[in-house]
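Visitor:
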Amino acid sequence: MTETSFQPRFQGFDCSGPCGGRFDAREPRSVCPRCDRPLLARYDLEAIAARLTPSDLPRFGTDLWRYRAVLPFASSIALVRLGEGGTPLRPLPRLAEELGLRELWLKEEAGNPTHSFKARGLALAVNGALAFGRRGIALPSAGNAGSAAAAYAAAAGVRCRITMPQDTPEAFVLSARALAAEVRLVPGTIAEAARALAEWAPAPEWWNVATFREPFRLEGKKTLGYEIAEQSGWRLPEVIFYPTGGGTGLVGMWKAFGELFTLGWTEGPMPRMIAVQAAGCAPVVRAFESGSDRVEPWADAWTLASGLRVPSPFAGELILRALREARGGVIAVSEEEMLEGMKDLAEREGCFACPEGGAVAAALRRLRASGEVQPEERVVVFNTGSGLPYAEAWRRARANVGGAAR
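In structure tokens form, the structure reads like this:
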């Protein structure tokens, strides 16, 4: 693919930071060249709205590419696609009754290729790498993103290098290697994995598809917002609970809802988004509650939820902006609460959740008990991946072991 791979209503990129930079799509862009902030894809939404309405969407399939009009790539090109997106939004009647909620819905992302929501972002990132003429991708990962990147790279016929923390669950390491990725394990967290990647897979030979280090993963994740809106009859929920590590999904939904308002496909207000983190790694919670505009690194980060073990999210400022514009909030849950949340979803609703999903269930239970979530509000919670790779977490949950000692 080349620059002609892009559709005409994709206009380029805007810097998400204070410099206000605007860039076209004619040359590869990773982050803002002026201030090193994440880039946001820009579209001519008025032109799209003039040609497309929600009633047109069913003819474009059931996966995330049904929203191709608001994604960067031209309809004339062949995409690397594995069936990503189109996951169910299903009711949770037993938990809703127990918690005294009128409507409680689960966005179940385990049905994606490689069994997690990461397939959405990596599908777009790998197609973006191809559009920019890249033949090798690289990223640090603590689990699901590595599996997804490896799968899409294999399907695209490009090389893939991944650095992972040494304590990454073995299932993720095995799956990435099975999918032909080169994997190196490094001591520490994903922050140390990112530093190791810079030496092992340098630019420009390797295109970095790490969280917010290129602009297309966000476009894949924003389809979560489009799907929730469409599956809700274009009537947005009042509250969304989302497990937040690097923040791509939360920011992606915030971007999606803003686009939907401009398109005229739904009306406000913006859902109140709650960022859920682990008590052992809660840099966004700390920054939000202190009123800061910056997310400072979290020392000695640890949690069973590998996707929440992100001590220094690159897009911290953008995450805080999205939360505040969405009138959102934050909450950190303990390991014990997380394990109980996993059991809640499994035993009451038949959802074999990942620890991040358990964290969301625990956060809802606590905020409902405090009255911060009202009975009449329509609430959406997320399970971002299958519980299968998390054998240790599930052993602890089944044994009712609290504390999750190291």
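Heads up: the sequence shown at position 293 corresponds to 293 in full-length UniProt numbering, and the numbers run straight through without jumps.
Here a beta-carbon is modelled for each residue, glycine too, at the ideal position from N, C-alpha and C.
All values reported here derive from a predicted model rather than from experimental measurement.
For S386, name the three-state secondary structure that DSSP assigns.
Guide: Position 386 of the sequence shown, counted from the start, is the residue given in the question as residue 386. Of the three classes helix, strand and coil, the one that applies to S386 here is strand, per DSSP.
Visitor: Straight-line CA distance for I77 to A256?
Guide: The residue given as residue 77 occupies position 77 in the sequence shown. The residue given as residue 256 occupies position 256 in the sequence shown. Between I77 and A256, the C-alpha separation is close to 24 Å.
Visitor: What number of angstroms, rounded off, separates the C-alpha of Q231 from the C-alpha of L45?
Guide: The count along the sequence shown starts at 1 and reaches residue 231 at position 231. The count along the sequence shown starts at 1 and reaches residue 45 at position 45. Their Cα atoms are separated by approximately 21 Å.
Visitor: Can you say whether P187 is buried or exposed, counting buried as having 16 or more other CB atoms within 10 angstroms of its CB?
Guide: As a working note, residue 187 is residue 187 in the sequence shown. Answer is exposed; the Cβ neighbour count stays below 16.
Visitor: Using beta carbons (cut-off 8 Å, strictly below), is G17 in contact with chain B?
Guide: Of the chains in the structure shown, none is chain B; there is only one protein chain.
Visitor: If P237 and V380 are in contact, beta carbons under 8 Å, what's the gap, nearest whole angstrom?
Guide: Taking the first residue of the sequence shown as 1, we reach residue 237 at position 237. Taking the first residue of the sequence shown as 1, we reach residue 380 at position 380. With 8 Å as the limit, P237 and V380 qualify as a contact, their Cβ atoms being about 5 Å apart.
Visitor: Is the beta carbon of V295 closer than 8 Å to that of A287?
Guide: Numbered from its first residue, the sequence shown carries residue 287 at position 287. Numbered from its first residue, the sequence shown carries residue 295 at position 295. Against a cut-off of 8 Å, the Cβ pair of V295 and A287 comes out as a contact.
Visitor: By the DSSP assignment, the beta strand (DSSP E) with R161 in it spans what residues?
Guide: Within the sequence shown, numbered from 1, the residue matching residue 161 stands at position 161. Element bounds for R161: 159 to 165.
Visitor: Look up M273 in the DSSP assignment and say whether it is helix, strand or coil.
Guide: Stepping through the sequence shown from its first residue, residue 273 is reached at position 273. M273 falls in the strand class under three-state DSSP.
Visitor: Within a Cβ cutoff of 7 Å, which residues of the same chain sit near A301, ignoring the five residues on either side of it in sequence?
Guide: If you number the sequence shown from 1, residue 301 lands on position 301. Only T189, G280, C281, R309, P311 meet the Cβ criterion.
Visitor: With a threshold of 16 other CB atoms inside 10 Å of the CB of D293, please say whether the residue is buried or exposed.
Guide: Mapped onto the sequence shown, residue 293 falls at position 293. It is exposed - the Cβ of D293 has fewer than 16 other Cβ atoms within 10 Å.
Visitor: Helix, strand or coil for S116 per DSSP?
Guide: Position 116 of the sequence shown, counted from the first residue, corresponds to residue 116. Note: S116 maps to strand in three-state DSSP.
Visitor: Mark C19 as exposed unless 16 or more other C-beta atoms lie within 10 angstroms of its C-beta, in which case mark it buried.
Guide: As a position in the sequence shown, residue 19 is number 19, starting the count at 1. Counting Cβ neighbours within 10 Å, C19 comes out exposed, since fewer than 16 surround it.
Visitor: Identify every residue that forms a DSSP beta bridge with L89.
Guide: In the sequence shown, residue 89 corresponds to position 89, counting from 1. DSSP output for L89 lists K107 as bridge partner(s).
Visitor: Just to confirm, is the Cβ distance from A353 to V276 under 8 Å?
Guide: To locate residue 353, count along the sequence shown from 1; it is residue 353. To locate residue 276, count along the sequence shown from 1; it is residue 276. No, the pair does not count as a contact, with Cβ atoms beyond the cut-off.
Visitor: Whose C-alpha, out of D14, E84, A96, is nearest the C-alpha of N127?
Guide: Counting from 1 along the sequence shown, the entry for residue 127 is found at position 127. When only C-alpha atoms are compared, the closest one is E84.
Visitor: Any chance you could list the beta strand (DSSP E) runs of at least 3 consecutive residues sitting entirely within the region 229 to 263, in chain order?
Guide: 239 to 243, all fully within the region 229 to 263.
Visitor: Distance check for E392 and R51, CA to CA, integer angstroms please.
Guide: Taking the sequence shown and counting its residues from 1, one reaches residue 51 at position 51. Taking the sequence shown and counting its residues from 1, one reaches residue 392 at position 392. Their Cα atoms are separated by approximately 50 Å.
Visitor: Evaluate C35 with the Cβ neighbour count: other Cβ atoms within 10 Å of its Cβ, from every protein chain shown; 16 or more gives buried, anything less gives exposed.
Guide: Residue mapping note: residue 35 aligns to position 35 of the sequence shown, counting from 1. Exposed: under 16 other Cβ atoms inside 10 Å.
Visitor: Check I190 in the structure and name its three-state DSSP category.
Guide: If you number the sequence shown from 1, residue 190 lands on position 190. DSSP places I190 in helix when its eight states are reduced to three.
Visitor: Alpha carbons only, please: which of R272, M273, P297, G291 is nearest the one belonging to P283?
Guide: Residue 283 sits at position 283 when you count from the first residue of the sequence shown. Residue P297 is the option with its Cα nearest to P283.
Visitor: Measure the alpha-carbon distance for A278 versus A47 and round it to whole angstroms.
Guide: Here residue 278 refers to the residue found at position 278 of the sequence shown. Here residue 47 refers to the residue found at position 47 of the sequence shown. A278 and A47: Cα-Cα distance of roughly 42 Å.
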